[in-house]
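Novice: According to our numbering, the stretch in the sequence shown is residues 403 to 609, in order. This structure is in structure tokens; I'll ask about it shortly.
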Amino acid sequence: MTIHKVTAFITRERPEGRQILLFQHPQAGVQIPAGTVDEGEDWETAVLREATEETGLTQLTIHRYLGQIENELAAGEAILNQDSHIFSQPDANSLPFAPLMSRGMTFEVGEQRGNFHHIRYTEYDQLPNPTKITLYIDGWLPSERLSWRKTRHYVHLHCHEETPGRWTLPSDRNHLFAPFWANLQPKPTIVSPQNRWLDDVYEILLD
Numbered sequence: 403m404t405i406h407k408v409t410a411f412i413t414r415e416r417p418e419g420r421q422i423l424l425f426q427h428p429q430a431g432v433q434i435p436a437g438t439v440d441e442g443e444d445w446e447t448a449v450l451r452e453a454t455e456e457t458g459l460t461q462l463t464i465h466r467y468l469g470q471i472e473n474e475l476a477a478g479e480a481i482l483n484q485d486s487h488i489f490s491q492p493d494a495n496s497l498p499f500a501p502l503m504s505r506g507m508t509f510e511v512g513e514q515r516g517n518f519h520h521i522r523y524t525e526y527d528q529l530p531n532p533t534k535i536t537l538y539i540d541g542w543l544p545s546e547r548l549s550w551r552k553t554r555h556y557v558h559l560h561c562h563e564e565t566p567g568r569w570t571l572p573s574d575r576n577h578l579f580a581p582f583w584a585n586l587q588p589k590p591t592i593v594s595p596q597n598r599w600l601d602d603v604y605e606i607l608l609d
């Protein structure tokens, strides 16, 4: 099973030039709105939904499809294909760790034991330049809940509403996102690995 992702490159025109909408994540740096395509959902619906969820904007339209990354997973990675707890042992009756992991999350994957794969998951206090680990889970996931292919769709959206230059809105996991407009020239600095996404489509966005 392939898990599909979308990235929303939202732009607007200003006298000083074209601007792109980014957001400051409280722990994970400057990002581009993006997310997972739900089961039964097409990428068009998903990109508009994710853009609204992460920015609060509602007057958005799809301008053009910019392409895709066929498999974004690195060697030794897998992606969750359904919401799941991580188990302490390769046994569905073993103690599950408290956080419910969401479909679309990526893990480091190790050995397979029976119908389970050993996984590791790490979150840091900030990106880039982390100073400490805030969440580390070393456990097991049922193999059937892991997928080995992740396709990302790049989509260019136009914004049709007036906004301030920067604002905030609550998001999942009690995070507070801070969307803001940035000039496309010079190229804005994005956290890795999302900087690769902007590199892939930068010249097209300037056109």
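We put the beta carbon where it would ideally sit given N, CA and C, even for glycine. As the structure is a prediction and not an experimental result, all values here were calculated from the model.
(1) Would you mind working out which of L543, L571 and W599 sits nearest S496, comparing C-alpha positions?
(2) Leaving out five residues before and five after H362 in sequence, what residues of the same chain have Cβ atoms less than 6 Å from its Cβ?
(3) In three-state terms, what does DSSP make of Q596?
(4) Measuring CA to CA, which of F499, Q596, P572 and P595 is closest to E456?
(5) Name, in chain order, the residues that DSSP records as bridge partners for M503.
(6) From the DSSP output, in three-state form, read off E513 for me.
(7) For F544, which residues does DSSP report across the bridge?
(8) Taking just the CA atoms, how far does L482 sit from T509?
(9) Alpha carbons only, please: which of D485, P590, L424 and G516 is nearest the one belonging to L459?
(10) Which stretch, first to last residue, makes up the alpha helix (DSSP H) that contains R451?
(11) Could you spell out the range, first to last residue, of the beta strand (DSSP E) harbouring W583?
Specialist: Judging by the given coordinates:
(1) L543
(2) For the chain, the structure presents residues 403 to 609; residue 362 sits outside this window and is missing.
(3) helix
(4) P572
(5) S486
(6) strand
(7) The sequence given here places Pro at residue 544; Phe does not occur at that position. Its beta-bridge partners are F518.
(8) Residue identity check: residue 509 is Phe in the sequence provided, not Thr. Rounded to the nearest angstrom, the two C-alpha atoms are 8 Å apart.
(9) L424
(10) W445 to T457
(11) L578 to N585
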